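Colleague:
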Amino acid sequence: MQGEEFQEDAMSVSERVAAEALIVDVGAFEGPLDLLLTLSRTQKVDLRQISILALAQQYLAFVEQAKRLRLELAADYLVMAAWLAFLKSRLLLPPDPSEEGPSGEELAAHLAFQLERLEAMRNAAAQLMARDQLGRDFFARGITEDVQRVRRVTYTATLLDLMQGYARIRTRDDFRPFVMDRQHVMTMEQALERMRGLIGFAGNWTDIVSYLPDGWDADPQRRRSTTAATFAASLELAKEGKIEIRQGDTFAPIEIRKRDPRDE
Amino acid sequence: MSKKDAPRNDSLFEAPPMGEQERMVEAILFATADPVTVTELTGRMPHGCDPAEAIAHLRKRYDGRGVNVVRVGDAWAIRTAGDLGFLMQKETVETRKLSRAAIETLAIVAYHQPVTRAEIEEIRGVSVSRGTIDQLIELEWIRLGRRRMTPGRPVTFVVTQGFLDHFGLENARDLPGLKELRSAGLLENRPPPGTAAMTEAEDADDDEDQTELFED
Amino acid sequence: MSKKDAPRNDSLFEAPPMGEQERMVEAILFATADPVTVTELTGRMPHGCDPAEAIAHLRKRYDGRGVNVVRVGDAWAIRTAGDLGFLMQKETVETRKLSRAAIETLAIVAYHQPVTRAEIEEIRGVSVSRGTIDQLIELEWIRLGRRRMTPGRPVTFVVTQGFLDHFGLENARDLPGLKELRSAGLLENRPPPGTAAMTEAEDADDDEDQTELFED
Numbered sequence: 011m012q013g014e015e016f017q018e019d020a021m022s023v024s025e026r027v028a029a030e031a032l033i034v035d036v037g038a039f040e041g042p043l044d045l046l047l048t049l050s051r052t053q054k055v056d057l058r059q060i061s062i063l064a065l066a067q068q069y070l071a072f073v074e075q076a077k078r079l080r081l082e083l084a085a086d087y088l089v090m091a092a093w094l095a096f097l098k099s100r101l102l103l104p105p106d107p108s109e110e111g112p113s114g115e116e117l118a119a120h121l122a123f124q125l126e127r128l129e130a131m132r133n134a135a136a137q138l139m140a141r142d143q144l145g146r147d148f149f150a151r152g153i154t155e156d157v158q159r160v161r162r163v164t165y166t167a168t169l170l171d172l173m174q175g176y177a178r179i180r181t182r183d184d185f186r187p188f189v190m191d192r193q194h195v196m197t198m199e200q201a202l203e204r205m206r207g208l209i210g211f212a213g214n215w216t217d218i219v220s221y222l223p224d225g226w227d228a229d230p231q232r233r234r235s236t237t238a239a240t241f242a243a244s245l246e247l248a249k250e251g252k253i254e255i256r257q258g259d260t261f262a263p264i265e266i267r268k269r270d271p272r273d274e
Numbered sequence: 070m071s072k073k074d075a076p077r078n079d080s081l082f083e084a085p086p087m088g089e090q091e092r093m094v095e096a097i098l099f100a101t102a103d104p105v106t107v108t109e110l111t112g113r114m115p116h117g118c119d120p121a122e123a124i125a126h127l128r129k130r131y132d133g134r135g136v137n138v139v140r141v142g143d144a145w146a147i148r149t150a151g152d153l154g155f156l157m158q159k160e161t162v163e164t165r166k167l168s169r170a171a172i173e174t175l176a177i178v179a180y181h182q183p184v185t186r187a188e189i190e191e192i193r194g195v196s197v198s199r200g201t202i203d204q205l206i207e208l209e210w211i212r213l214g215r216r217r218m219t220p221g222r223p224v225t226f227v228v229t230q231g232f233l234d235h236f237g238l239e240n241a242r243d244l245p246g247l248k249e250l251r252s253a254g255l256l257e258n259r260p261p262p263g264t265a266a267m268t269e270a271e272d273a274d275d276d277e278d279q280t281e282l283f284e285d
Numbered sequence: 070m071s072k073k074d075a076p077r078n079d080s081l082f083e084a085p086p087m088g089e090q091e092r093m094v095e096a097i098l099f100a101t102a103d104p105v106t107v108t109e110l111t112g113r114m115p116h117g118c119d120p121a122e123a124i125a126h127l128r129k130r131y132d133g134r135g136v137n138v139v140r141v142g143d144a145w146a147i148r149t150a151g152d153l154g155f156l157m158q159k160e161t162v163e164t165r166k167l168s169r170a171a172i173e174t175l176a177i178v179a180y181h182q183p184v185t186r187a188e189i190e191e192i193r194g195v196s197v198s199r200g201t202i203d204q205l206i207e208l209e210w211i212r213l214g215r216r217r218m219t220p221g222r223p224v225t226f227v228v229t230q231g232f233l234d235h236f237g238l239e240n241a242r243d244l245p246g247l248k249e250l251r252s253a254g255l256l257e258n259r260p261p262p263g264t265a266a267m268t269e270a271e272d273a274d275d276d277e278d279q280t281e282l283f284e285d
């Protein structure tokens with residue numbers, strides 16, 4: 011231990027300058043591990059054979075000097091300093107069997123591993139960046155043709171569609187009256203329903219024509235249909251005993267009125 | 070490595086072998102976004118190169134390949150071979166049923182060809198939209214026939230070979246006549262089984278059409 | 070030839086001859102800047118084609134030429150030969166210079182993937198800023214991998230096909246010095262001795278990070 015201390019005091023001027031430069035540049039370090047890696051390079055040995063004890067002392071000396079220069083060190087540097095001081099004591103003192111936790115050697119080995127791994131990753135990163143890179147050393151196609159998504163619609167029709175379509179047009183005349191009739195026909199059921207609603211108000215004799223729905227007398231077809239339906243409906247109602255029908259003469263207006271049950 | 074600093078024309082360095090020059094032209098044509106002129110190639114390649122000759126070699130090399138070296142104005146580029154253009158498209162095919170108007174129009178052309186548009190309209194009882202005719206022409210099922218020798222010389226429409234192929238007909242005269250349609254049950258008012266929903270919708274249309282007709 | 074799966078597919082059409090298939094693959098690879106997978110090629114080429122075999126032929130054909138057929142993960146691309154980069158100064162795209170932190174983080178993800186943020190921080194000895202990860206994700210060089218099946222289920226990061234493409238790697242196993250690093254035990258994730266409790270705390274932190282990531 012004495013020897014180690016002496017060694018530190020015996021640092022050459024250039025080493026001392028380097029150490030001070032380290033302190034001034036502390037902002038350039040990415041944390042304590044980075045700093046430790048830089049310090050370890052001064053040992054000029056393979057990282058596998060590095061003396062963690064020497065490194066811990068270097069680090070602690072660095073922190074001391076920083077304090078002397080009243081430089082503010084980030085908290086993690088101080089945490090690392092505390093941990094390295096602990097590690098140093100573990101490495102120097104004979105192991106206390108009553109003490110729990112990993113031995114100083116284990117901790118030192120892990121720190122050495124961390125440093126070696128960090129350095130390995132830095133080398134790997136450098137190798138990676140030194141590779142030929144796309145767009146710098148080798149190149150992709152300059153004129154690209156994007157794949158066009160074409161949505162194509164195909165129309166289908168079968169011969170059956172065609173024939174049915176033709177048949178539909180050519181036979182429309184055949185169907186026309188049928189469909190037309192429905193358009194212009196009032197059925198007896200419709201007339202009956204209509205009259206049942208109205209008959210309650212027909213206390214006096216009323217011309218049956220007044221029961222025809224509005225607008226149905228303009229078209230002759232419609233007038234015929236609705237007249238017939240209404241007449242048929244009134245016969246039905248008479249049969250049911252709901253109304254009475256009378257006609258003064260041939261072709262005279264047909265009149266209806268509600269049948270009063272008291273008349274019986 | 071670039072030898073562009075080599076002094077003047079009587080270069081101290083020999084130009085790379087033609088095979089190398091060909092590789093260079095190949096790489097430049099591949100990576101550059103625009104067609105490249107020979108002048109430009111000369112400027113980019115090492116001193117003493119002969120890009121024009123390299124292009125000639127490269128062009129021969131790509132002859133018949135999936136991509137070709139083509140001339141674009143006074144410049145050169147690598148382009149996909151014309152016959153492989155279909156690979157640059159991803160088609161999604163959507164099948165739709167032809168509209169009723171189109172089917173009817175097509176049927177009228179098939180049964181009455183050559184037929185004018187006015188005649189089609191007369192038979193259908195409603196006007197035929199331009200789009201319907203266009204669609205059928207685009208499908209290559211109908212085409213323009215001879216002009217009718219009547220006043221106004223209207224164009225006529227006839228069905229195409231493509232139409233016959235599609236519908237499996239030898240010629241349009243093979244189409245069954247009305248009598249046959251009726252005996253085949255195609256003229257019944259009742260829709261054939263399986264087409265109920267469609268026919269119902271059509272019936273709704275139908276009614277409208279007819280109202281239209283009777284309002285005339 | 071390649072029609073080994075023709076009978077199995079019961080294809081109605083015979084696949085084009087291998088020479089034709091090679092042309093097709095050539096055209097497709099030339100046309101696109103991004104690597105194309107065999108599956109994608111199969112989807113774009115006619116039924117019954119064997120793009121993998123066509124690629125093998127094509128690769129041989131372009132061996133030593135100005136442009137080469139290169140493998141990028143499970144995809145294929147055509148790239149200019151690395152030795153001709155000097156001709157392409159004009160094409161060089163100025164990329165944003167990556168910070169040391171970003172480069173190191175990228176290397177750690179590449180060599181240790183799948184790797185959690187806590188592990189990256191453990192290796193670098195400092196916390197990894199959100200921006201660094203974001204930048205690498207934005208460059209499409211890293212992406213989220215599966216969650217680690219440890220307490221807290223932290224997300225992991227892995228490198229992308231774009232990363233492989235950019236650095237000219239066939240796959241992540243081709244990373245320089247990977248074997249040596251592995252045999253030296255430097256890619257192991259050795260927990261610090263006697264820090265079980267601490268690791269749990271880290272995992273808890275991680276959880277927060279993940280929430281953050283997935284909320285984006």
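First to last, the protein sequences are chains L, V and P. Numbering-wise, the first sequence is residues 11 to 274 according to my numbering. Numbering-wise, the second sequence is residues 70 to 285 according to my numbering. Numbering-wise, the third sequence is residues 70 to 285 according to my numbering. Cβ atoms here follow ideal geometry from the backbone N, Cα and C, with glycine treated the same way. Small disclaimer: the values here were computed from a predicted structure and weren't measured.
Nearest-angstrom Cα distance between L:Ala76 and L:Glu115?
Modeller: Near 28 Å, if we compare the C-alpha coordinates of L:Glu115 and L:Ala76.
Colleague: Quick one: list the residues of chain P neighbouring V:Thr331, beta-carbon separation under 8 Å, in chain order.
Modeller: No answer is possible for residue 331 of chain V: the residues shown for chain V start at 70 and end at 285.
Colleague: Given this structure, state the Cα-to-Cα distance separating P:Glu188 from L:Glu109, to the nearest angstrom.
Modeller: The straight-line gap from Cα to Cα measures roughly 29 Å.
Colleague: Measuring alpha carbon to alpha carbon, tell me which of L:Leu46, L:Asp56, L:Ala130 ends up nearest L:Leu94.
Modeller: L:Leu94 has its Cα closest to that of L:Leu46, out of L:Leu46, L:Asp56, L:Ala130.
Colleague: Would you mind listing the alpha helix (DSSP H) stretches within the stretch 74-156 of chain P that are 4+ residues and don't spill past its ends, in chain order?
Modeller: Within the stretch 74-156 of chain P, the complete alpha helix (DSSP H) runs of at least 4 residues are 75-78, 87-100, 107-113, 120-130.
Colleague: Any contact between the stretch 139-146 of chain L and the stretch 228-243 of chain P? By contact I mean 3 or more CB pairs, one from each, below 8 Å.
Modeller: Verdict: yes, contact present.
Colleague: So what's V:Leu213 in DSSP terms, helix, strand or just coil?
Modeller: Strand at V:Leu213.
Colleague: So, with DSSP's three-state summary, where would you put L:Gln143?
Modeller: Three-state result, L:Gln143: coil.
Colleague: With H, G and I counted as helix, E and B as strand and the rest as coil, what does DSSP make of L:Ile153?
Modeller: Looking at L:Ile153 - three-state DSSP - the assignment turns out to be coil, as it is neither helix nor strand.
Colleague: P:Leu255 and L:Ala130 look like a contact to me (Cβ under 8 Å); what is the Cβ gap, rounded to whole Å?
Modeller: With 8 Å as the limit, P:Leu255 and L:Ala130 qualify as a contact, their Cβ atoms being about 5 Å apart.
Colleague: Under 7 Å between beta-carbons, which chain P residues line up against V:Val136? List them in chain order, please.
Modeller: Simply Glu95, Ala96, Phe99.
Colleague: The beta strand (DSSP E) that contains L:Thr240, what's its start and end?
Modeller: Here L:Thr240 belongs to no beta strand (DSSP E); instead the alpha helix (DSSP H) covers 230-249.
Colleague: What does L:Val163 reach in chain V if we use C-beta pairs closer than 7 Å?
Modeller: The answer, in chain order, is Glu163, Arg165.
Colleague: In three-state DSSP terms, what is L:Asp224?
Modeller: Reduced to three states, the DSSP call for L:Asp224 is coil.
Colleague: Within 10 angstroms of the Cβ of P:Trp210, are there 16 or more other Cβ atoms? Answer buried if so, exposed if not.
Modeller: Buried, since its Cβ has 16 or more Cβ neighbours within 10 Å.
Colleague: Using beta-carbon positions only, say whether P:Leu213 and P:Val197 come within less than 7 Å of one another.
Modeller: No. Outside cutoff.
Colleague: Can you tell me whether V:Gly112 is buried or exposed? The criterion is at least 16 other CB atoms within 10 Å of its CB, across all chains shown.
Modeller: With fewer than 16 Cβ atoms within 10 Å of its Cβ, V:Gly112 is classed as exposed.
Colleague: Label V:Gly222 either buried or exposed according to how many other C-beta atoms from any shown protein chain fall within 10 Å of its C-beta, with 16 as the threshold for buried.
Modeller: Looking at the sequence provided, one finds Arg at residue 222 of chain V rather than Gly. So V:Arg222 ends up on the exposed side.
Colleague: Under DSSP, the alpha helix (DSSP H) around V:Thr174 begins and ends at which residues?
Modeller: Its alpha helix (DSSP H) spans residues 169-181.
Colleague: For L:Val27, tell me which candidate among L:Gly37, L:Thr52, L:Leu43 has the shortest Cα-Cα distance.
Modeller: Nearest C-alpha to L:Val27: L:Thr52.
Colleague: Show which residues of chain L have a CB atom less than 9 Å away from the CB atom of P:Phe226.
Modeller: Correct list: empty, because the minimum Cβ distance to chain L is about 14 Å.
Colleague: Below 8 Å on the Cβ atoms is my contact criterion, and I expect L:Glu254 with L:Ile264 to pass it. Report the Cβ-Cβ distance as a whole number of Å.
Modeller: 11 Å between Cβ atoms; not a contact.
Colleague: Taking only beta-carbon positions, decide if L:Met173 is within less than 7 Å of chain P.
Modeller: Closer than 7 Å: no.
Colleague: Quick check: is the beta carbon of P:Arg92 nearer than 7 Å to any beta carbon in chain V?
Modeller: It does; some Cβ of chain V falls within 7 Å.
Colleague: Would a check of beta-carbon distances place L:Leu147 closer than 7 Å to chain P?
Modeller: The sequence shown places Asp at residue 147 of chain L, rather than the Leu named in the question. Yes, because at least one Cβ of chain P sits closer than 7 Å to the Cβ of L:Asp147.
Colleague: Would you say the stretch 140-151 of chain P touches the stretch 166-185 of chain P, given that touching needs at least three Cβ pairs under 8 Å?
Modeller: These segments do not touch.
Colleague: Among all the DSSP beta bridges, which residues are the ones paired with V:Val184?
Modeller: For V:Val184, which the question treats as bridged, DSSP gives the partners V:Phe226.
Colleague: Going by beta-carbon coordinates alone, are L:Leu101 and L:Leu57 separated by less than 7 Å?
Modeller: Cβ distance not < 7 Å, so L:Leu101 and L:Leu57 don't count as in contact.
Colleague: Does the distance from the C-beta atom of L:Val195 to that of L:Ser235 stay below 7 Å?
Modeller: For L:Val195 and L:Ser235, yes; Cβs fall inside 7 Å.
Colleague: With distances taken between CB atoms, is the gap from P:Phe155 to V:Val136 smaller than 7 Å?
Modeller: No, these two residues do not count as a Cβ contact at 7 Å.
Colleague: Using only alpha-carbon positions, find the residue among V:Arg193, V:Cys118, V:Ala241, V:Val178 that is nearest to L:Ile179.
Modeller: Measuring from the Cα of L:Ile179, the nearest candidate turns out to be V:Arg193.
Colleague: Note down, in chain order, every chain L residue with its Cβ under 7 Å from the Cβ of P:Asp234.
Modeller: Leu144, listed in chain order.
Colleague: Can you tell me which of the three DSSP states L:Thr260 falls into?
Modeller: Three-state DSSP puts L:Thr260 in coil, outside helix and strand.
Colleague: Do you know whose CA, among V:Lys166, V:Leu110, V:Gln90, V:Arg128, lies nearest P:Gly133's CA?
Modeller: The residue with the shortest Cα to Cα distance from P:Gly133 is V:Gln90.
Colleague: If we ignore side chains and look at the alpha-carbon of each, how far apart do V:Pro245 and V:Thr229 end up?
Modeller: Taking the straight line joining both Cα atoms gives about 18 Å.
Colleague: Starting from the C-beta of L:Asn214, find all residues in its chain whose C-beta is less than 8 Å away, skip the five residues before and the five after it, and write them out in chain order.
Modeller: Excluding sequence neighbours, L:Asn214 sits near Arg267.
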